[in-house]
Amino acid sequence: MTTFVVLLRGINVGGKNKVPMAQLKKCLEECGFRDVSTFIASGNVMLTSDRSPDETAARIEAALPEHFTLDSEIVKVLVLPSDRLHAIVRDRPEGFGDQPDKYHSDAIFLMGVEAAEVMPIFNPREGVDRVWPGDGVIYSQRLSAQRTKSRLSAMMTSPLYKSMTIRSWKTTVTLSEMLIAREEREDA
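Residue numbers for the sequence shown follow this note's numbering, beginning at 6 and rising by one.
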């Protein structure tokens with residue numbers, strides 16, 4: 006059994022694709038996953054599975070429309086082994102996420118695309134936005150005082166946007182910390 010973090014793209018956004026976390030947990034347990042827990046309503050799940058990440062994602066993607074009314078074109082599932090999420094947190098650009106009062110920082114998780122492929126769709130505004138490519142992730146930062154001048158939302162018009170799911174840096178770090186706590190309990 007392997008512990009994974011599962012990121013669901015396109016649920017509970019703007020009143021669409023409503024997926025209550027208690028029902029999602031039950032759905033995933035009925036799929037045979039163990040130790041299922043959720044974190045906030047934006048589609049963050051931790052679970053253990055005896056399947057590979059791709060098999061786990063495929064099983065979840067198949068189960069979701071059976072249990073929920075979804076616009077399946079925008080809903081996608083990303084399954085990351087815990088060490089992958091830990092690496093994304095560890096390998097962040099220097100200082101990234103360290104000044105939450107000054108910058109709004111996000112991890113943009115990539116689903117079936119590479120950072121080099123998606124970097125051209127970002128159009129950072131000098132002095133407001135910054136983006137850095139990572140392994141399976143784009144690190145995105147906006148100056149909070151000038152968020153309305155940010156150009157980063159322009160990437161949402163690209164067809165590649167359907168291959169991304171965004172989490173705040175705080176959520177990303179919290180998920181990593183929750184996985185560490187879970188791993189420590191399992192090792193005890």
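Just so you know, even glycine gets a beta-carbon here, dropped at the ideal spot from N, CA and C.
Here the structure is a predicted model, which means the values were calculated and not measured.
Item	Value
Tell me whether Lys81 is buried or exposed, calling it buried when 16 or more other Cβ atoms sit within 10 Å of its Cβ.	buried
Below 8 Å on the Cβ atoms is my guess for Ser155 versus Arg130; work out the distance and round it to an integer in Å.	6 Å
Can you give, in chain order, each stretch of the alpha helix (DSSP H) that sits fully within the region 79 to 139 and has at least 4 residues?	87 to 95 and 120 to 123
Report yes if the CB atom of Arg172 is closer than 8 Å to the CB atom of Tyr108, and no otherwise.	no
In its own chain, which residues sit with a C-beta less than 7 Å from the C-beta of Ile126, not counting the 5 before and 5 after it?	Met160, Ser163 and Leu165
To the nearest whole angstrom, what separates the beta carbons of Gly48 and Leu13, a pair I think is in contact under 8 Å?	3 Å
Using DSSP bridges, identify the partner residues of Asn49.	Leu12 and Phe44
By the three-class DSSP mapping on this structure, what secondary structure does Met169 have?	strand
With DSSP as the reference, label Val142 as helix, strand or coil.	strand
Got a sec? Which residues, its chain only, sit under 8 Å from Leu115 by beta carbon, not counting five neighbours each side?	Val123, Gly141, Val142, Ile143, Ser168 and Met169
Put Leu3 into one of helix, strand or coil per three-state DSSP.	Beyond the ends of the chain as shown, which are 6 and 193, falls residue 3; an answer cannot be given.
Report the rounded CA-to-CA distance for Asp76 versus Leu180, giving the unit in angstroms.	26 Å
Please classify Met51: is it buried, with 16 or more other beta-carbons within 10 angstroms of its beta-carbon, or exposed?	buried
From what residue to what residue does the alpha helix (DSSP H) around Val178 run?	Trp174 to Asp192
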